[in-house]
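Before any comments, here is the structure.
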Amino acid sequence: MITLFGKIRRKLADENNILKYARYALGEVLLVVVGILIALQINNWNEERQSIIKEKSYVRSIYKDLKTDLRNIENNIEKLSNQYAIGFKVLNAFELKETIILDSASMATDIGWELTQIIPIERKKNTWDDLKVRGTETFIFRDSLKVLLNNFYGAFDLNIERFNQLPKKVRENLRMETGNCHDYKSVKGVFENGIAYYGKSSPYTRYCILSNNEIPELVGAISLSCIVNIGLQKELKEEVKAVISYMENEFDFLQKKT
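In terms of numbering that gives the first Met the number 0, the sequence shown opens at residue 0 and continues consecutively.
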C-alpha cells in the first residue's frame with residue numbers, strides 16, 4: 000500500500016500537475032488522520048472495556064467485604080446482648096439476695112468470667128481501604144456508591160474508636176474483686192464465721208460476692224456499655240444493609256455471582 004502511494008505521488012510530480020498533487024497529498028494526510036483517529040478510538044474502547052472489567056472485580060470484592068462486615072456486626076450484637084442478659088441476671092441476684100438461694104458457682108462464672116470478657120469490635124482492612132490508600136477510588140465509577148462506602152466505614156471506625164475508649168479498667172476491677180473471693184484468706188474468713196455448706200458450691204463465693212458493694216456498680220457500668228454498643232451496632236447493621244441493597248440494585252452481575 001505504501002509502495003502504491005509512492006508510485007502515484009511520483010507520477011503526479013513527474014507530470015508537474017500541482018493541483019492534482021495537492022489534492023492527492025491532502026487526501027493522503029486525511030487518510031493518515033482518519034487511521035490515527037480509528038486507532039485512538041479502538042484504544043479507548045479497549046481501555047474502557049478493561050476499566051469495566053476492573054470495576055466489576057472491585058465491586059464484587061467490596062460486596063463480599065460488606066457481607067462479611069454484616070455477619071460480624073450481627074455476631075457483635077448477639078455477644079453484647081448475651082453479656083447484657085448476664086449482667087441483668089447478676090444485678091437481679093444482688094437485689095434479691097435476701098430472698099433466694101443462689102448457685103454460687105454460676106455467680107462466680109458470670110461475674111468473674113462472662114462479664115469481664117472484652118468483646119472485640121473490630122474490622123479488617125478491606126478492598127475499599129486499599130483503593131483509598133492507593134488513591135484509586137476512580138476505579139469505582141458511581142459517586143453515590145463512594146459516598147455510601149465512606150459514610151458506612153467512617154461510622155464503623157468511629158464506633159470502634161468509641162468502644163475502645165470505654166474504660167477497660169472496669170472489667171479488670173471486676174475480675175480482681177471476684178478473684179479476691181477465691182483466695183485463702185477469704186475462704187478462711189467465711190468458714191471462721193460459721194457459714195454452712197449448701198447449694199452447688201461452697202458458700203464462701205456467694206457470701207464474698209454478695210457482700211461486696213463494689214461489684215454491683217461495676218456490673219452496672221458494663222451492662223450500660225452493652226446497651227450503648229448494641230444500639231450503635233444496630234445502626235451500623237442498617238447502614239451496611241442499605242449499601243448492600245444499593246449495590247444489588249445497581250449491579251446486576253452481583254445477583255448471579257456473589
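The beta carbon of each residue, even a glycine, is placed where N, CA and C say it ideally should be. Here the structure is a predicted model, which means the values were calculated and not measured.
A Cβ-Cβ separation of about 7 Å places I243 in contact with L69 under the 8 Å criterion.
The residue among A84, Q164, F93 and K233 with its C-alpha nearest the C-alpha of Y206 is F93. Take V239, set aside five residues on each side of it, and the residues of its chain with a beta-carbon closer than 7 Å to its own are L65, D68, L69, I72 and F151, in chain order. Burial is judged here by how many other beta carbons sit within 10 angstroms of a residue's own beta carbon; Q254 has fewer than 16 and is exposed. In this structure, DSSP gives P215 a helical state, which the three-state scheme calls helix. Take the alpha-carbon of E234 and the one of G134: they are about 29 Å apart.
Annotated three-state conformation of G178 is helix, per DSSP. Secondary structure note for S210: it is in no alpha helix (DSSP H), with a DSSP letter that is neither H nor E.
Straight-line spacing of the CA atoms in F138 and K63 works out to 17 Å.
Counting along the chain, the unbroken alpha helix (DSSP H) around Q164 starts and ends at D142 to Q164. Distances from the alpha-carbon of G153 to those of D128, S224, Y245 and E249 put D128 closest. Note that the C-beta distance between L90 and V218 is below 9 Å. Cβ contact annotation for K55 (same chain, cutoff 7 Å, sequence separation greater than five): F252, in chain order. Selection L157, E136 and I52 evaluated against F250 yields I52 as nearest (Cα-Cα).
The C-alpha of K167 lies about 19 Å from the C-alpha of N81.
Between I208 and I110 a beta carbon distance of about 6 Å is seen, short of the 8 Å cut, so the two are scored as contacting.
In this structure, DSSP gives G134 a state outside helix and strand, which the three-state scheme calls coil. Annotated three-state conformation of Q254 is helix, per DSSP. In the displayed model, N125 falls within coil according to three-state DSSP, outside both helix and strand.
The C-alpha of S60 lies about 22 Å from the C-alpha of I120.
Cβ neighbours of L148 within its own chain (closer than 6 Å, five residues either side excluded): W127.
One alpha carbon belongs to E176, the other to R122, and they sit about 32 Å apart.
Non-local beta-carbon contacts of I117 in its own chain, meaning distances under 7 Å to residues more than five positions away in sequence, involve K167 and R170 in chain order.
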